[in-house]
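Please read the structure below before turning to the comments.
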Amino acid sequence: MLRYLSFLLIFIHNQVSIVAKTTSACGVPVVSDRIVGGMDSKKGEWPWQISLTYKNDFLCGGSLIADSWVLTAAHCFDSLEASYYNVYLGAHQLSALGNSTVTRGVKRIIKHPDFQYEGSSGDIALIELEKPVTFTPYILPVCLPSHNVQFAAGSMCWVTGWGNIQAGAPLSSPKTLQKAEVGIIDRSSCETMYKSSLGYSTGVDFIQKDMVCAGYKEGQVDACQGDSGGPLVFNVNNVWLQLGIVSWGFGCAEPDRPGVYTKVQFYQDWLKTNVPLLMFSEGGPSVGSSGVASTTMSETESMTMSNSIAFSLSPSTISTVLGVNETKTIDNEAQIHSCSLFTVALNFFIYLSIRFFA
């Protein structure tokens, strides 16, 4: 029997509150307008930021990368007992959680097998949520960069979190999510800074291949205790890509001791192995999808597209975007109805409802 695709196109400007839970355009917050040396963020400015608690106490940050998956640091977990942890999504002020905040239990924790101790390689972990979240203007995934994306030394990034505002000084109430702009430091320079400041000349390599440094030679701006696991993000054509995960450092915002982050690109294969439907982006117009092709007939799936530049969309490009010809669920060429060529305007979202028929 011929299986075909029908769809509904709805233009949504400046909000994504009706986006279905299974998918979203990543890295595009609806709001576009303490970390040491940081400042208060706006509500919804970093909608992928999550708060991880252990036995109801704040533990670490992290980032939403799919409707059921969170990316964080392996060193956040002394215990892998999932029932001890909860994930808060859509939070802005930890002391005054509002209606935008959603809580999820943890189904399982996957730590990278290379992780041994704080400061070692492999400081990356995945959290699978007990049930998926519905995307809202305050809960959206961040994009993960493909291997092709280059982050040059000196490029400016942002780090976010609810950690200490200086060593030993917790963020004060209402505990508003902090943001700070930091510059990427090349690996060799970062290694030299650490060896010099700690009195080493040879024999120790602090900065491994899976790490990236960001901050300033003079210090003053940095992630600190409690920011662990949070995202270091970089804007490419108005799409936010997560370059790093807050991992380690000596002190907070000290001279010649920049923050060290786990390099997300280094673990692309590991991430794909554990979350096969995860997509990687090069920035610019972005498409996010999860489970679009389904073996269950009469099941509706949804996806969104967002763009930072205007581009044309036609039935053939929709088919390409969805990967219809690459899926085993569709044996014959998909027939896409009720669509004519049109242009997607700047900063608009498209919502597609996909239904398979027997």
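Letter by letter, the sequence shown follows residues -20 to -1, 1 to 338 in mature numbering (1 follows the signal peptide of the UniProt record, and there is no 0).
Glycine included, C-beta positions come from ideal geometry on N, C-alpha and C.
Here the structure is a predicted model, which is why all the values come from computation and not from measurement.
Residue i to residue j span [Cα, whole Å]
i, j, result
"Lys87", "Ala133", "38 Å"
"Thr3", "Trp28", "Because Thr3 sits at a pLDDT of 36, beneath the cut-off of 50, its placement in the model cannot be relied upon, and the point is left open."
"Gly224", "Ser43", "11 Å"
"Cys123", "Ser181", "38 Å"
"Val267", "Trp138", "Bear in mind that a pLDDT of 37 at Val267, under 50, signals an unreliable position, so the model cannot answer this."
"Ala71", "Lys22", "11 Å"
"Lys91", "Ala54", "5 Å"
"Thr280", "Tyr97", "Confidence in Thr280 is poor, its pLDDT being 38 and thus under 50, which makes the residue's placement too unreliable to answer from."
"Thr81", "Asp20", "18 Å"
"Leu77", "Ser153", "12 Å"
"Tyr247", "Asp37", "29 Å"
"residue 340", "Leu106", "What the structure shows of the chain is the stretch from -20 to 338, and residue 340 is not part of that stretch, so it cannot be assessed."
"Pro125", "Ser261", "5 Å"
"Gly229", "Met136", "19 Å"
"Gln130", "Phe186", "22 Å"
"Met(-20)", "Pro121", "Confidence at Met(-20) is low in this model, with a pLDDT of 27, below 50, so the placement of that residue should be treated as unreliable; the coordinate-derived value is given next. Near 37 Å, if we compare the C-alpha coordinates of Pro121 and Met(-20)."
"Ile119", "Val226", "20 Å"
"Ser176", "Gly183", "13 Å"
"Cys193", "Tyr174", "11 Å"
"Gly99", "Gln73", "29 Å"
"Gly24", "Ile165", "28 Å"
"Thr114", "Leu60", "26 Å"
"Asn79", "Gln222", "26 Å"
Host beta strand (DSSP E) of residue i (start-end)
i, result
"Pro108", "Note on identity: in this sequence residue 108 is Glu, with Pro being the wrong assignment. Run containing Glu108: 105 to 109, per the beta strand (DSSP E) assignment."
"Lys87", "82 to 91"
"Leu178", "Segment 167 to 178 is the alpha helix (DSSP H) holding Leu178; no beta strand (DSSP E) there."
"Thr33", "29 to 34"
"Leu39", "37 to 46"
"Thr116", "Careful: Thr116 lies outside any beta strand (DSSP E) and carries neither H nor E."
"Tyr68", "65 to 69"
"Asn215", "211 to 216"
"Ile225", "219 to 228"
"Ala194", "191 to 195"
"Met136", "136 to 141"
"Lys243", "239 to 243"
"Leu60", "No beta strand (DSSP E) holds Leu60; DSSP gives it neither H nor E."
"Leu157", "Element bounds for Leu157: n/a, residue is neither H nor E."
"residue 344", "Residue coverage of the chain in this structure runs from -20 to 338, which leaves residue 344 outside it and unanswerable."
"Val50", "49 to 52"
Closest by C-alpha distance to residue i, when choosing among the options
i, options, result
"Ser31", "Leu51, Asp190, Val8", "Leu51"
"Ser169", "Cys137, Ile225, Val240", "Val240"
"Asn254", "Asp20, Asn215, Ile104, Trp26", "Ile104"
"Lys197", "Thr172, Lys22, Val226, Val67", "Thr172"
"Ala46", "Glu110, Val184, Cys193", "Glu110"
"Arg167", "Leu106, Ser48, Asp190", "Asp190"
"Ala62", "Phe95, Met136, Ile89", "Ile89"
"Gly209", "Ser126, Gly195, Lys243", "Lys243"
"Gly163", "Leu60, Val213, Gln245, Phe95", "Val213"
"Asp236", "Val226, Trp220, Ile119, Leu178", "Leu178"
"Gly263", "Asn215, Pro238, Leu120, Asp249", "Asn215"
"Gly85", "Pro112, Gly41, Ala194, Gly99", "Pro112"
"Trp250", "Asn79, Gly41, Pro93", "Pro93"
Extent of the continuous alpha helix (DSSP H) run through residue i
i, result
"Trp250", "248 to 254"
Residues near residue i in its chain [Cβ-Cβ closer than 6 Å; skip 5 each side]
i, result
"Gln188", "Ser101"
"Trp26", "Thr140"
"Ser75", "Ser153, Pro154, Lys155"
"Phe95", "Ala54, Gly102, Asp103"
"Gly195", "Val162, Asp202, Pro238, Gly239"
Beta-carbon contacts of residue i that lie in its chain and below 7 Å, excluding the five residues immediately before and after
i, result
"Leu39", "Leu32, Thr33, Cys56"
"Lys252", "Leu258"
"Lys35", "Tyr64"
"His127", "Gln245, Gln248"
Contacts around residue i, its chain only, beta-carbon distance under 8 Å, and the 5 residues preceding and following it disregarded
i, result
"Thr83", "Asn66, Val67, Tyr68, Leu69"
"Trp49", "Leu106, Ile107, Glu108, Leu109, Val255, Leu258"
"Gly41", "Gln29, Ile30, Ser31, Leu32, Thr52, Thr140, Gly141, Trp142, Gly143, Gly206, Asp207, Ser208, Gly209, Gly210, Pro211, Val226"
"Thr297", "Reliability fails at Thr297, whose pLDDT of 40 lies under 50, so the model's placement of it is uncertain and no value is given."
beta-carbon residue i near the ligand MG non-hydrogen atom, thresh 6 Å
i, result
"Trp250", "Here there are no bound small molecules, and the ligand MG is not part of this structure."
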